[in-house]
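The numbers in this note's numbering rise by one with no breaks, and the one at position 198 of the sequence shown is 192.
Quick reminder that beta carbons are idealized off the backbone N, C-alpha and C, glycines included.
Below: the structure, in structure tokens.
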Amino acid sequence: MASALIISNLTQEWLESLRQWHLEYFFIPTIVITVATLLANPVLVSCIVLSRALRQETRYLLVANTLTADILYLILNMATIICNAVRVPIPWLVCELVTAITVTTYCCAILTVTLMVVDTYAAVRWPLRYHDVLPPARTHRILVGVWVLAALYPFTLLIMMEMEKGNPHEVAFCLALIFLGFFQVNNLEGVHIYFFVAALICALLIFVCYIQLYMVTRTHGIWHSRFSRARVTLLAHGVLLLLYFAPGFVFTMELFLFQEKAISQDVRVWISTVNMSVFMLLPRAFAPYLYGLRYREISTTLMQLLHPHQRLGQTTVS
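See below:
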């Protein structure tokens, strides 16, 4: 009963802060960004899945996996926001399950984006052996492993939460921060270590790969022009990687502030609302254009699907 009372009080206090500051207006850009992204992502994933040539390329499979994870994340996030906005009571088990799947999709996108950088490095560093090392079948197994790895910790937490006694039957507000923040009361180190160490490893791996890529290609002359394709590509990927990783670090800070009594409830609600409604959606809004349509083969395939009777010339791979 103590756990149920604490969770009920947390959700009620969170709702009161939202109403006091009228933070429901942040749901408007959330819905707009989500709808716009959901119109683009399925189209690009379909282009990759329907094209035999694109399905044979590891980089396009990684793009498709990132966009698929983003689609699932956006659907769950918007469904949760709509239920919270109309004050629909949500069963605690459903909230736990939605939170676990949402965290899984977010982590899967981060891991896949990291693998995209590693894949680029491998293609440049070992061009002759690249296709032998990473055939499509092996890439499929790697992606399955990524989903399993991303789901392992969230669903472990779900099982541990269900083993706790006294969880409420329903909650007035479903939020990943409340779910993980409540759990971390007795498991603070585990939650923080998972998110911080996982993000740190991915960030270091990306940084090392980019440094190695520059060292390998610096003598090729592709960096000499200020607006060379290599520089523009690096800038675009750097911006997108920052947009993917920054909200995760903010969320880790939210978990830390969740237990700090010196921080007011209003500050926590503001940070969480802005991060969930804006920052976490920005990379998913840019991804279809920076990781999808930027590839000429995907653009060509899309045009062929939209204009099947129009004969398009072959273009080089970007």
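* Would you mind sorting E10 into buried or exposed? The rule is 16 or more other CB atoms within 10 Å of its CB. => On the sequence shown, residue 10 is found 16 positions in, with the first residue counted as 1. Exposed, by the Cβ-count rule.
* Other residues of its chain near C89: CB distance less than 7 angstroms, five sequence neighbours each side excluded -> Numbered from its first residue, the sequence shown carries residue 89 at position 95. Excluding residues within five positions, the ones whose Cβ falls inside 7 angstroms are V165, C168 and F173.
* **Beta carbon of N59 nearer than 7 angstroms to that of L146** => Along the sequence shown, read from residue 1 onward, the residue named residue 59 stands at position 65. Along the sequence shown, read from residue 1 onward, the residue named residue 146 stands at position 152. No, the Cβ-Cβ distance between N59 and L146 is not below 7 angstroms.
* Going by other Cβ atoms of all chains shown within 10 Å of its Cβ, with 16 needed for buried, is E254 buried or exposed? -> The residue given as residue 254 occupies position 260 in the sequence shown. Label assigned to E254: exposed.
* **Helix, strand or coil at E164 according to DSSP, with G and I counted as helix** => Residue 164 sits at position 170 when you count from the first residue of the sequence shown. In the structure shown, E164 sits in a strand (DSSP, three-state: E or B).
* Asked: How many Å lie between I205 and L61 at the Cα?
  -> One-based indexing of the sequence shown puts residue 205 at position 211. One-based indexing of the sequence shown puts residue 61 at position 67. Cα-Cα distance, rounded: 26 angstroms.
* Asked: Between the stretch 102 to 121 and the stretch 46 to 55, do three or more beta carbon pairs fall short of 8 angstroms?
  -> yes
* To do: Measure the CB-CB distance between A34 and A63 and report whether it falls below 7 angstroms.
  => Translated into positions along the sequence shown, residue 34 becomes position 40. Translated into positions along the sequence shown, residue 63 becomes position 69. No; because the gap between Cβ atoms is not below 7 angstroms, this pair is not in contact.
* **Nearest-angstrom Cβ-Cβ length linking F273 and A240, presumed shorter than 8 angstroms** => Residue numbering aside, residue 273 sits at position 279 when the sequence shown is read from its first letter. Residue numbering aside, residue 240 sits at position 246 when the sequence shown is read from its first letter. Indeed, because the Cβ distance is near 7 angstroms, the residues count as touching under 8 angstroms.
* Asked: At which residues does the alpha helix (DSSP H) containing H125 begin and terminate?
  -> As a working note, residue 125 is residue 131 in the sequence shown. Start and end: Y124 to V127.
* Asked: Which residues share a DSSP beta bridge with P85?
  -> Taking the first residue of the sequence shown as 1, we reach residue 85 at position 91. Looking at the DSSP assignment, P85 forms a beta bridge with E164.
* Nearest CA to the CA of F243: which residue from I42, M270 and H16? -> What you label residue 243 is simply residue 249 of the sequence shown in a count that begins at 1. Closest by alpha carbon: M270.
* Asked: When you compare each of V29, W86 and F21 to L(-1) by their alpha carbons, which one comes out closest?
  -> Reading the sequence shown from its first residue, position 5 is the one you call residue -1. Selected option, being the one with the closest Cα: W86.
* Exposure of T213, with buried meaning 16 or more beta-carbon neighbours within 10 Å -> Along the sequence shown, read from residue 1 onward, the residue named residue 213 stands at position 219. T213 should be labelled exposed.
* Asked: In this structure, does DSSP put L306 in helix, strand or coil?
  -> In the sequence shown, counting from the first residue as 1, residue 306 sits at position 312. At L306, the pLDDT of 44 sits below 50, so the modelled position is not reliable and the matter cannot be decided from this model.
* Asked: Among the residues of its own chain, which have a CB less than 7 angstroms from the CB of A30, if the five just before and after it don't count?
  -> Position 36 of the sequence shown, counting from 1, holds the residue named residue 30. A279.
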